[in-house]
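Going from the sequence shown to the working numbering is simple: count from 1 and add 16.
For each residue, glycine too, the CB sits at the ideal point set by N, CA and C.
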Amino acid sequence: MYKLHTHCRACDFAKPGPPGIKNVRNERLVEVLDLGIQPLANDFQDERGEHSGFAPLKVLFCPRCTLAQLSVAVRPEILYSNYSYVTSATETMRSHFHQLWLDICRESDAKKVLEIGSNTGDFLDFVRHHGAGSVMGIDPAENLCAVAAEKHIPSLASLFNRESAQKAEQLLGGASVVVARHVFCHVDDWRDFIRNLSLVGDRETIFCIEVPYAKDMLAINSWDQIYHEHLSYLTLKSVDALLENSDFHIHRIIRYPIHGGAIVLMLRRDASKESPDPESMRMVREESFSADEWKNLSQTATVQQKQLKSTIEELLSRGSTVAGFGASAKSTVWINACGLTRKHIRFICDSTPQKQFRFSPGSEIPIADEGALLRERPDYAVCFAWNFLPEIIEKQSLYLNQGGRFIVPVPDIRIAP
Ligand code: TMP
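#1: Which residue spans inside the region 197-253 form an unbroken beta strand (DSSP E) run of at least 3?
#2: Counting along the chain, where does the alpha helix (DSSP H) carrying Arg178 start and finish?
#3: For Arg197, count neighbouring Cβ atoms within 10 angstroms of its own Cβ and tell me buried if that reaches 16, exposed if not.
#4: Please list the terminal residues of the continuous beta strand (DSSP E) segment that includes Leu281.
#5: Taking a contact to mean a Cβ-Cβ separation below 7 Å, would you say Ile225 touches Leu281 in this structure?
#6: Mind reading off the beta-carbon distance from His265 to Leu259? Whole number of angstroms is fine, and I expect it under 8 Å.
#7: Run through the DSSP bridge pairs and tell me what Tyr415 is partnered with.
#8: Quick test of your reading: Pro425 and Gln320, contact by CB under 8 Å. State the CB separation rounded to the nearest angstrom.
#9: Whose C-beta lies closer than 7 Å to the C-beta of His21 among residues of the same chain, with five residues either side of it excluded?
#10: Within this structure, are the beta carbons of Phe60 and Lys371 separated by less than 7 Å?
#11: Between which two residues does the beta strand (DSSP E) harbouring Leu356 extend?
#12: Exposed or buried, what is Arg25 when buried is set at 16 or more other beta-carbons lying within 10 Å of its beta-carbon?
#13: Over what stretch of residues does the beta strand (DSSP E) that includes Ile361 continue unbroken?
#14: Is any heavy atom of the ligand TMP found at a distance shorter than 6 Å from the C-beta of Asn403?
#15: Return yes when at least one heavy atom of the ligand ZN lies under 6 Å from the C-beta of Asp119, else no.
#16: Under DSSP, the beta strand (DSSP E) around Glu166 begins and ends at which residues?
#17: DSSP three-state label for Asp155, please.
#18: Which one of Lys322, Leu356, Ala343, Tyr96 has the shortest CA to CA distance from Trp402?
#19: Given a cut-off of 7 Å on the beta-carbon distance, is the pair Gln340 and Ser333 in contact?
#20: State yes or no: is the C-beta of Ile423 nearer than 6 Å to some heavy atom of the ligand TMP?
#21: Taking C-beta to C-beta, are Leu283 and Phe223 nearer than 7 Å?
#22: Within the chosen definition, does the region 139-151 reach the region 107-118 through at least 3 CB pairs nearer than 8 Å?
#23: Considering Tyr96, what are the terminal residues of the alpha helix (DSSP H) in which it resides?
#24: For Ala384, does the three-state DSSP call read helix, strand or coil?
#25: Using the Cα positions of Ser291 and Arg285, report the straight-line distance between them to the nearest angstrom.
#26: Which one of Leu49, Ala148, Gly133 has the shortest CA to CA distance from Ile120?
#27: Sorry if obvious, but does the Cβ on Ala353 come closer than 6 Å to a heavy atom of the ligand TMP?
#28: Under the assumption that Leu188 contacts Leu130 (Cβ atoms under 8 Å), give the Cβ distance between them as a whole number of angstroms.
#29: Which ranges would you report for the alpha helix (DSSP H) in the region 60-128 if only whole runs of at least 4 residues count?
#30: I want to check one thing, is the minimum distance from the CB of Asp240 to the heavy atoms of the ligand TMP below 6 Å?
#31: Determine the closest residue to Ser150 out of Ala157, Val163, Lys127, with distance taken between C-alpha atoms.
#32: Kindly list the residues whose CB is nearer than 8 Å to the CB of Asp205, restricted to its own chain and excluding five residues on each side of it in sequence; keep chain order.
#33: Taking 6 Å as the cut-off, does the CB of Ile105 come closer than this to any heavy atom belonging to the ligand TMP?
#34: Would the beta-carbon of Tyr229 fall within 7 Å of that of Ile279?
#35: Smallest Cα separation from Lys19: which of Arg91, Thr368, Glu295, Trp239?
#36: Keeping to the same chain, check which residues put their C-beta closer than 7 Å to that of Asp155; ignore five residues upstream and five downstream.
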């Protein structure tokens with residue numbers, strides 16, 4: 017189901033030597049955080065008790081290039097062939113798409129856009145209505161490519177590999193922009209990914225890699241973004257180290273507030289005529305991370321798990337009812353790390369049809385439609401989609417006006433509004 021990952025995928029630190037000569041320099045990635053054996057965060061099942069398997073959820077830190085990464089890589093076929101993560105169709109997301117697209121258009125004519133991990137095609141649909149000439153997606157989830165097809169977004173149902181890169185490039189007739197939103201952190205073999213990028217586009221193609229930024233995760237305690245799909249927690253120095261022996265370099269870095277803090281790394285080919293942005297180069301030089309910062313996050317996570325569970329138990333003991341809002345992958349991490357059951361959380365509301373009327377992975381908590389919040393009116397709902405909190409508060413004003421309250425777990429557990 018998974019393989020162990022013991023060396024740094026960015027800089028090869030602790031890479032075993034030739035067969036028989038293991039790890040000649042005695043290097044080791046540093047273990048910094050351990051969430052135990054966990055279910056797969058998006059493994060929503062129709063029947064209670066069913067699952068695709070459990071795997072360790074442990075983070076290792078590279079003392080050389082500062083990349084944090086999971087100690088195992090679950091086979092992508094298990095994670096992605098029938099995927100239930102759907103890009104949230106929210107105003108927050110639309111305004112992010114808008115800002116990202118403006119930033120891309122400052123760099124490129126953006127005529128032909130290829131998206132790796134195109135999901136249900138929402139980003140490509142957006143850019144097609146905002147000036148992109150032609151678009152093409154690649155995504156391994158056949159169920160999501162079918163949804164994209166309904167919006168007339170052409171996509172290849174495949175992982176990003178040599179064949180799909182070549183085919184997409186041919187069908188698109190040469191990509192001027194390649195976008196990979198929250199995909200690169202899901203990739204095990206980064207060197208292979210970079211090799212496949214080199215099959216796409218021309219000298220001036222811009223490659224935009226969007227990922228959660230480790231700095232933001234540490235700043236807001238969002239350890240719930242640690243799950244099996246997220247193999248790496250990126251730092252600028254680690255990407256710089258990865259690209260050292262490639263034909264690409266970091267051209268520009270932009271930070272965005274989406275998902276609690278993300279960075280877009282705009283890469284260009286070394287042969288490009290455009291010079292790297294000096295301010296971005298300064299960001300790379302000045303960035304620093306330590307294993308201790310991650311160990312502190314680990315301690316915070318333990319404290320917060322106890323706090324959330326005891327907050328819910330106290331509310332229940334006073335006769336209140338508690339549900340969840342947003343069956344995000346993050347909800348699975350919280351529920352399993354805290355040991356929450358259906359006794360704690362009656363149900364979780366979610367707008368995603370792919371999740372509704374199924375069970376939260378690793379627990380028997382059912383997923384209901386979004387309307388269940390008003391129908392059932394629990395006194396409290398744990399907002400597992402905290403990254404959309406302002407929009408949720410606005411949308412659920414009726415629930416709140418009737419006395420309902422959200423328990424927000426990040427950055428610190430609190431009742432809102
Ligand atoms: P995400 O943070 O991984 O995108 O997951 C957010 C989840 O919350 C996703 O399953 C959709 C759900 N959600 C709702 O059901 N209603 C909402 O208003 C919002 C913003 C999200």
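Based on what the coordinates show:
#1: 222-228
#2: Within the sequence shown, the letter at position 162 stands for residue 178. First-last of the alpha helix (DSSP H) with Arg178: 178-188.
#3: Indexing the sequence shown from 1 puts residue 197 at position 181. Arg197 is buried by the Cβ-count criterion.
#4: Residue 281 sits at position 265 when you count from the first residue of the sequence shown. That run of the beta strand (DSSP E) goes 278-285.
#5: As a working mapping, residue 225 is identified with position 209 in the sequence shown. As a working mapping, residue 281 is identified with position 265 in the sequence shown. A contact, by the Cβ cut-off of 7 Å.
#6: The residue labelled residue 265 in the question sits at position 249 within the sequence shown. The residue labelled residue 259 in the question sits at position 243 within the sequence shown. Contact holds; Cβ gap of about 6 Å.
#7: If you number the sequence shown from 1, residue 415 lands on position 399. DSSP, once it has assigned bridges, lists no residue as partnering Tyr415.
#8: Numbered from its first residue, the sequence shown carries residue 425 at position 409. Numbered from its first residue, the sequence shown carries residue 320 at position 304. Their Cβ separation, rounded to whole angstroms, is 7 Å, which keeps Pro425 and Gln320 in contact under 8 Å.
#9: The residue you call residue 21 lines up with position 5 of the sequence shown. Closer than 7 Å at the Cβ level, and outside the excluded window around His21, lie Gln85, Leu86, Ser87, Val88, Ala89.
#10: Walking along the sequence shown from the start, residue 60 turns up at place 44. Walking along the sequence shown from the start, residue 371 turns up at place 355. Contact: yes.
#11: Position 340 of the sequence shown holds residue 356. No beta strand (DSSP E) holds Leu356; DSSP gives it neither H nor E.
#12: The residue you call residue 25 lines up with position 9 of the sequence shown. When all chains shown are included, Arg25 counts as buried.
#13: Locating residue 361 in the sequence shown gives position 345, counting from the first residue. Premise fails: Ile361 is in no beta strand (DSSP E) and is neither H nor E.
#14: The count along the sequence shown starts at 1 and reaches residue 403 at position 387. Yes, since a heavy atom of the ligand TMP falls inside the 6 Å radius drawn around the Cβ of Asn403.
#15: This structure lacks the ligand ZN; its bound ligands are the ligand TMP.
#16: Counting from one through the sequence shown, the residue named residue 166 turns up at place 150. Not the beta strand (DSSP E): Glu166 falls in the alpha helix (DSSP H), residues 158-166.
#17: Reading the sequence shown from its first residue, position 139 is the one you call residue 155. Strand, per DSSP.
#18: The residue labelled residue 402 in the question sits at position 386 within the sequence shown. Among Lys322, Leu356, Ala343, Tyr96, the Cα nearest to that of Trp402 belongs to Ala343.
#19: Counted from its first residue, the sequence shown places residue 340 at position 324. Counted from its first residue, the sequence shown places residue 333 at position 317. For the record, residue 340 in the displayed sequence is Gly; it is not Gln. Taking 7 Å as the Cβ cut-off, Gly340 and Ser333 do not qualify as a contacting pair.
#20: Counting from 1 along the sequence shown, the entry for residue 423 is found at position 407. Every heavy atom of the ligand TMP is 6 Å or more from the Cβ of Ile423, so no.
#21: Taking the first residue of the sequence shown as 1, we reach residue 283 at position 267. Taking the first residue of the sequence shown as 1, we reach residue 223 at position 207. Yes; because the gap between Cβ atoms is below 7 Å, this pair is in contact.
#22: yes
#23: Residue mapping note: residue 96 aligns to position 80 of the sequence shown, counting from 1. Here the alpha helix (DSSP H) through Tyr96 covers 92-96.
#24: Taking the sequence shown and counting its residues from 1, one reaches residue 384 at position 368. Three-state result, Ala384: strand.
#25: As a working note, residue 291 is residue 275 in the sequence shown. As a working note, residue 285 is residue 269 in the sequence shown. If you take the alpha carbons of Ser291 and Arg285, they lie about 11 Å apart.
#26: Indexing the sequence shown from 1 puts residue 120 at position 104. Of the candidates Leu49, Ala148, Gly133, the one whose C-alpha sits nearest the C-alpha of Ile120 is Ala148.
#27: Within the sequence shown, residue 353 is the residue found at index 337, counting from 1. No, Cβ of Ala353 sits at least 6 Å from all heavy atoms of the ligand TMP.
#28: The sequence position of residue 188 within the sequence shown is 172, counting from 1. The sequence position of residue 130 within the sequence shown is 114, counting from 1. Indeed they touch by this definition, with Cβ atoms about 6 Å apart.
#29: 92-96, 107-123
#30: To locate residue 240, count along the sequence shown from 1; it is residue 224. Checking the Cβ of Asp240 against the ligand TMP gives no.
#31: Residue numbering aside, residue 150 sits at position 134 when the sequence shown is read from its first letter. Out of Ala157, Val163, Lys127, Lys127 has the C-alpha closest to the C-alpha of Ser150.
#32: As a first step, residue 205 must be located in the sequence shown, where it is residue number 189. Only Arg25 meet the Cβ criterion.
#33: As a first step, residue 105 is located in the sequence shown; it is residue number 89 there, counting from the start. The amino acid occupying residue 105 in the given sequence is Ala; Ile does not appear at that position. Outside the cutoff, so no.
#34: As a working mapping, residue 229 is identified with position 213 in the sequence shown. As a working mapping, residue 279 is identified with position 263 in the sequence shown. It is a contact, given that the beta carbons lie within the stated cut-off.
#35: Walking along the sequence shown from the start, residue 19 turns up at place 3. Here the closest residue by C-alpha is Arg91.
#36: The count along the sequence shown starts at 1 and reaches residue 155 at position 139. So the qualifying residues of the chain are Gly133, Ser134, Asn135, Cys161, Ser171, Ala173.
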